[in-house]
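**Q** Chains as they are written, first to last, in my numbering: chain C, 80 to 336; chain V, 9 to 438.
Backbone N, C-alpha and C define an ideal beta-carbon position, used for all residues, glycine too.
Keep in mind it's a predicted model, so treat the numbers as computed, not measured.
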Ligand SMILES: Nc1ncnc2c1ncn2[C@@H]1O[C@H](COP(=O)(O)OP(=O)(O)O)[C@@H](O)[C@H]1O
Ligand SMILES: [Mg+2]
């Protein structure tokens, strides 16, 4: 299936995903047009991270039915690294710790992987320092091992740093707000807002409305039990904050409600 | 037949103009060699290490001046303070920096030093650290070594660039021997690089390194074994570390079909601080065995060991490390860590830690991990656009990085990194 209009960055149709033979996503349909910010909300265990990882090609998640197109391409045919080079990016809820691999050297490789010509070491250095300054990160960060020994907040900031350096066309932020204090949250949201432009599509996954005070969504979708049960404008997020997820049924009882 | 070998050793020593004491030591070492049985499976140290391929009866001194083809040097000549190269048995000093000259550093062939700098060499060569009685291999080297390197860093001298020793072997057996001595308060980096000009010819190497680290001095000694892929190789590398001295050794094992390293540091004075680092990248049918010893013979000293093996193909590694704390060596700190990363199902890594703690007020830990590449790491790197090969080689680099990080000199570190990457990417190691 091709995108319904030239503007649609991401198009998800009736997506079914299983983990270890348990069906987690049970027919998700969602469009994110270029340049829009969409929020995906839902209680713990409703399948938000499953959707994010299925979109990125996580090996443990089996897509059993449905389609995903990004920029008109069938991404389910692509390997994870090919999806990334096509412009997709996932800021992980739980980023992997990779000992011995320094943030700067890894990020330069990653940037070069999506460029026609290699960026010079000097130019990369400048770019990295600029983005780190924007996120108010200590320059020492660049030579630390990737996520090893990082605090929860440092990991989240490091994910956003990668987003800022790699400049994808679709960013999925999986619970980037959890583990961040209010100041850090504001910095991260500022960072995202600055990247927000005519091209970048964003899917903000959260189960709190808090982050959406700083990153204002164009659309809000509610995921319950592996299905999008309701979509609306930003007022939907406010209503969910006030009422919780109970109205969608017992199965969806949120542990933070 | 063996008596003719002894005569040959004596004749060669005479023709090289070696002093009488050295000729006598060679003859005595040969006697030890002949009367010491070859290692067998039943010796604890050799239980996992097959030496049946060694032609013990055929051991003989190398023919004079075997002259391998000229190989490129592992670094720019001018980034060294002294560059000594041994080709076959022939030793030449290719470069001495003004800094090294001003500091009055001695870097010469061991054979020459035995003649001219006699007393220091006579006092130390094969006496305390690696005497022939240490074993059949040490005796073999003591009898047969040729060329060799002698490094003396005088009291208080501080070198900023590394002393580089390059040993080029061809199809002849080779018996390298290095003696390093650092004077009080001095500091130096030494890089010794073993490699073959004929990568595919079977070779035999048995080297011996003795490091005397003087009071309050700092020595970093890095050893790269990059023989051709058919060479069988033995290395004995023993160090003694005096009061307040710092030693970092890094053993990098890349080449050879078989490699056995016996690495020991004896801490003799309070305040001694030792780091023993090792990294091996093995593939195909390669086998490497490292036995290490952290020998605390004094109070208030510290040793910290990190050995990392990355194995591909059907390679095999053995790591066996002993921490020994003598009864009076109170307040010793000793750490030992062995990590093995398997790149596929074929390889095997054995890890055998041993603690012999005879003092009660000590801090000792050891740990060992053997793992495969975590698919979640590949996924994470993939999600940033790195393909499988790129992600794997980044993870391998990352596995070695903590060891590279412990090589203090940037020139040495980058030469080692280049050699490891060259092997990882299938281009011949320098
Ligand atoms: N890798 C996995 N292995 C097994 N079960 C999983 C895995 N990932 C998710 N699940 C299960 O799928 C369901 C949805 O999880 P997830 O997508 O993480 O929810 P959310 O992100 O909305 O909290 C949960 O019941 C969870 O236990
Ligand atoms: Mg989640």
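With burial defined as no fewer than 16 other Cβ atoms inside 10 Å of the residue's Cβ, what is the status of residue 300 of chain C: buried or exposed?
**A** Result: buried.
**Q** Just the chain A side, please: which residues come within less than 7 Å of residue 160 of chain C by C-beta, in chain order?
**A** Among the protein chains in the structure shown, which are C and V, there is no chain A.
**Q** So residue 385 of chain V contacts chain C; which residues on that side make the cut at Cβ distance below 7 Å?
**A** By Cβ distance, chain C contributes 175 and 177.
**Q** Let me know if residue 336 of chain C comes out buried or exposed under the rule of 16 or more other beta-carbons within 10 Å of its beta-carbon.
**A** With a pLDDT of 36 at residue 336 of chain C, under the threshold of 50, the modelled position of that residue is not reliable, and no figure is offered here.
**Q** For the segment 132–162 of chain C, which residues have a CB atom closer than 9 Å to at least one CB atom of chain V, in sequence order?
**A** Result list: 132, 135, 136, 137, 138, 139, 158, 159, 160, 161 and 162.
**Q** Looking at residue 234 of chain C and ligand 2, is the gap between the Cβ and the nearest heavy atom below 7 Å?
**A** Outside the cutoff, so no.
**Q** With a threshold of 7 Å, establish whether the CB of residue 123 of chain C neighbours any heavy atom of ligand 1.
**A** Under cutoff, so the answer is yes.
**Q** Which residues, taken in chain order from the segment 179–210 of chain C, show a beta carbon closer than 7 Å to some beta carbon of chain V?
**A** Cβ contacts with chain V: 179, 180, 185, 188, 189, 192 and 193.
**Q** Alpha carbon to alpha carbon, how far is residue 35 of chain V from residue 15 of chain V?
**A** So the two alpha carbons sit approximately 9 Å from each other.
**Q** For the segment 146–166 of chain V and the segment 118–138 of chain V, state whether three or more C-beta atom pairs, one from each stretch, are separated by less than 8 Å.
**A** Yes, they touch.
**Q** Output, in chain order, the set of chain C residues within a Cβ distance shorter than 7 Å of residue 312 of chain V.
**A** Correct list: empty, because the minimum Cβ distance to chain C is about 17 Å.
**Q** Based on DSSP bridge pairs, tell me the residues matched to residue 360 of chain V.
**A** In the DSSP output, where bridge partners are listed per residue, residue 360 of chain V has V:328.
**Q** Taking 6 Å as the limit between beta carbons, can you name the residues of its chain near residue 155 of chain V, skipping five residues before and five after?
**A** Excluding residues within five positions, the ones whose Cβ falls inside 6 Å are 94, 97, 99 and 117.
**Q** Closest by CA to residue 84 of chain V, which one among V:172, V:181 and V:264?
**A** When each option's Cα is compared against that of residue 84 of chain V, the closest is V:172.
**Q** I want to check one thing, is the minimum distance from the CB of residue 254 of chain C to the heavy atoms of ligand 4 below 7 Å?
**A** Absent from the structure shown: ligand 4. Ligands present: ligand 1 and ligand 2.
**Q** Given this structure, state the Cα-to-Cα distance separating residue 263 of chain V from residue 175 of chain V, to the nearest angstrom.
**A** Those two C-alpha atoms are separated by around 13 Å.
**Q** Flag residue 416 of chain C as yes if its beta-carbon sits less than 8 Å from any beta-carbon of chain V, otherwise no.
**A** Chain C is shown only over 80 to 336; residue 416 of chain C falls outside these bounds and no answer can be derived.
**Q** Pull out every residue of the segment 240–258 of chain C whose Cβ sits closer than 9 Å to any Cβ of chain V, in chain order.
**A** For the segment 240–258 of chain C, which is checked against every Cβ of chain V, the residues closer than 9 Å are 241 and 245.
**Q** Taking the alpha-carbon positions, what's the residue 425 of chain V to residue 412 of chain V distance?
**A** Those two C-alpha atoms are separated by around 7 Å.
**Q** In its own chain, which residues sit with a C-beta less than 7 Å from the C-beta of residue 235 of chain C, not counting the 5 before and 5 after it?
**A** If we look at residue 235 of chain C and ignore the five residues flanking it on each side, its Cβ neighbours are 255, 258, 259 and 267.
**Q** Given that a residue counts as buried once 16 or more other Cβ atoms are within 10 Å of its Cβ, and exposed if not, what is residue 210 of chain C?
**A** Buried, because 16 or more other Cβ atoms sit within 10 Å of the Cβ of residue 210 of chain C.
**Q** Once DSSP output is grouped into helix, strand and coil, what is the label at residue 69 of chain V?
**A** Note: residue 69 of chain V maps to coil in three-state DSSP.
**Q** Using a beta-carbon distance below 8 Å, is residue 89 of chain C in contact with chain V?
**A** Not an interface residue.
**Q** Does any CB atom of chain V fall closer than 8 Å to the CB of residue 282 of chain C?
**A** No - not a single Cβ of chain V is within 8 Å of the one on residue 282 of chain C.
**Q** When you compare each of C:212, C:213 and C:162 to residue 189 of chain C by their alpha carbons, which one comes out closest?
**A** Of the candidates C:212, C:213 and C:162, the one whose C-alpha sits nearest the C-alpha of residue 189 of chain C is C:162.
**Q** For residue 7 of chain V, count neighbouring C-beta atoms within 10 Å of its own C-beta (all shown protein chains included) and say buried if the count is 16 or more, exposed if not.
**A** With chain V covering 9 to 438 only, the question about residue 7 of chain V has no answer from this structure.
**Q** Let me see if you follow: with CB-CB separation under 8 Å, is residue 405 of chain V close to chain C or not?
**A** Closer than 8 Å to some Cβ of chain C, the Cβ of residue 405 of chain V qualifies, so yes.
**Q** From which residue to which residue does the alpha helix (DSSP H) around residue 154 of chain C run?
**A** No alpha helix (DSSP H) contains residue 154 of chain C, which DSSP labels as neither H nor E.
**Q** Hey, quick one: how far does the beta strand (DSSP E) through residue 39 of chain V stretch, first residue to last?
**A** Residue 39 of chain V -> not in any beta strand (DSSP E); alpha helix (DSSP H) instead, spanning 28–43.
**Q** Beta carbon of residue 271 of chain V, beta carbon of residue 239 of chain V: below 8 Å?
**A** Against a cut-off of 8 Å, the Cβ pair of residue 239 of chain V and residue 271 of chain V comes out as no contact.
**Q** Name the residues in the segment 96–130 of chain C whose C-beta lies less than 8 Å from a C-beta of chain V; which are they?
**A** Those residues of the segment 96–130 of chain C that come within reach of chain V (Cβ to Cβ, closer than 8 Å) do not exist; the list is empty.
**Q** Between residue 302 of chain C and chain V, is the shortest Cβ-Cβ distance under 8 Å, so that the two count as touching?
**A** It does not; no Cβ of chain V falls within 8 Å.
**Q** Can you confirm whether residue 169 of chain C, when its beta carbon is compared against all beta carbons of chain V, has any partner nearer than 8 Å?
**A** Yes, residue 169 of chain C lies at the interface with chain V (some Cβ there is under 8 Å from its Cβ).
**Q** Between the segment 404–424 of chain V and chain C, which residues of the former have a C-beta closer than 8 Å to a C-beta of the latter?
**A** From the segment 404–424 of chain V, only 405, 406, 407, 408, 409 and 410 have a Cβ closer than 8 Å to chain C.
**Q** Per DSSP, what are the beta-bridge partners of residue 283 of chain V in this structure?
**A** Answer is V:256 and V:312, bridged to residue 283 of chain V.
**Q** Enumerated in chain order, which unbroken segments of the alpha helix (DSSP H) with a length of 4 residues or greater are wholly contained in the segment 133–212 of chain V?
**A** Within the segment 133–212 of chain V, the complete alpha helix (DSSP H) runs of at least 4 residues are 144–152.
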